[in-house]
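Residue numbers (the numbering used here): 9 to 299.
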């Protein structure tokens with residue numbers, strides 16, 4: 009059994025930890041409101057742009073003159089998996105869930121005989137990917153010095169990915185991130201962003217007659233790189249909101265667990281203290297009787 013001094017020290021230590029987790033929970037809660045608003049504000053534009061891309065792509069016959077981001081390389085062998093993660097911990101299973109989804113996709117592709125490469129954004133997902141795929145990580149995008157990941161980072165990532173694609177370093181790129189649903193629910197998702205994914209049934213049917221000026225291919229050449237940047241930017245915003253939601257939930261659970269532990273230690277301390285007092289009284293009485 010632990011001594012009274014040890015129990016007292018443990019209680020003080022857990023109380024100190026509880027103050028930290030409570031403070032981090034409050035910080036995450038404050039950051040979540042802003043991050044959630046940004047993610048929700050970006051969704052309509054990203055979704056509408058995707059629909060425009062699908063509409064335009066369905067109206068042209070893919071040929072050698074088509075933009076490469078639409079037509080692809082003509083092969084489907086090398087797949088690049090882009091894994092976005094946070095730079096900070098204390099956010100529960102947020103990073104692990106994204107990495108798990110990316111690894112499932114990698115195994116699925118490898119089982120189909122494809123070559124899988126990784127492009128990593130953020131620090132926390134690195135070790136988990138490198139542990140299993142040490143020779144397949146081709147790029148890191150370092151965000152450790154950034155307070156927030158924004159549109160400038162999305163542009164930089166997009167430019168590097170497009171340059172790699174143009175050089176023939178991969179044929180298909182898949183982006184993995186966590187879609188924010190609520191503070192309690194963040195859903196890991198993966199989507200193809202290069203070349204642009206065209207729905208199997210083509211663009212959604214519409215009654216509107218649309219004429220494009222200039223022609224569809226010229227518009228696509230301009231919009232395709234912008235679409236890649238927009239989808240990455242949306243993913244970064246979704247990740248930011250998901251990270252804060254996961255952090256708030258994790259710190260709330262940690263604070264509650266610390267409270268439960270403090271209660272148990274306090275009960276044990278009081279029992280030990282009572283036992284020590286009883287033992288001391290018995291010794292005093294025994295000594296008095298001996299006199």
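Glycine included, C-beta positions come from ideal geometry on N, C-alpha and C.
Boundaries (first-last residue) of the beta strand (DSSP E) holding residue 204: Taking the first residue of the chain shown as position 1, residue 204 is located at position 196. Careful: residue 204 lies outside any beta strand (DSSP E) and carries neither H nor E.
Opposing strand residues paired with residue 145 [DSSP bridges]: Translated into the one-based positions of the chain shown, residue 145 becomes position 137. According to DSSP, residue 145 bridges with 126.
Residue 186 - partner residues in DSSP beta bridges: What you label residue 186 is simply residue 178 of the chain shown in a count that begins at 1. The secondary-structure analysis by DSSP pairs residue 186 across a beta bridge with 196.
Selected residue, minimal CA-CA separation from residue 173, among 77, 273, 49 and 28: Stepping through the chain shown from its first residue, residue 173 is reached at position 165. Of the residues 77, 273, 49 and 28, the one whose Cα lies closest to the Cα of residue 173 is 77.
Short Cβ contact (8 Å threshold) for residue 180 with residue 133: Working through the chain shown from its first residue, we reach residue 180 at position 172. Working through the chain shown from its first residue, we reach residue 133 at position 125. It is not a contact, given that the beta carbons lie outside the stated cut-off.
Outcome for residue 275 when other beta-carbon atoms lying within 10 angstroms are tallied against a minimum of 16: On the chain shown, residue 275 is found 267 positions in, with the first residue counted as 1. In the assembly as shown, residue 275 is an exposed residue. Its beta-carbon has fewer than 16 other beta-carbons within 10 Å.
Contact the stretch 30-45 vs the stretch 258-274: 3+ CB pairs below 8 Å: The stretch 30-45 is in contact with the stretch 258-274.
Where residue 228 falls: helix, strand or coil (DSSP): One-based indexing of the chain shown puts residue 228 at position 220. When DSSP states are grouped into helix, strand and coil, residue 228 belongs to the helix group.
Straight-line gap, residue 112 to residue 24 (C-alpha atoms, nearest Å): The residue you call residue 112 lines up with position 104 of the chain shown. The residue you call residue 24 lines up with position 16 of the chain shown. Note on geometry: alpha-carbon atoms of residue 112 and residue 24 lie some 40 Å from one another.
Which of helix, strand or coil DSSP assigns to residue 92: Indexing the chain shown from 1 puts residue 92 at position 84. In the structure shown, residue 92 falls within a strand segment according to DSSP collapsed to helix, strand and coil.
Simplified DSSP assignment, three categories, for residue 283: Position 275 of the chain shown, counted from the first residue, corresponds to residue 283. Looking at residue 283 - three-state DSSP - the assignment turns out to be helix.
Opening and closing residue of the alpha helix (DSSP H) in which residue 171 lies: Within the chain shown, residue 171 is the residue found at index 163, counting from 1. Note, residue 171: alpha helix (DSSP H), 159-174.
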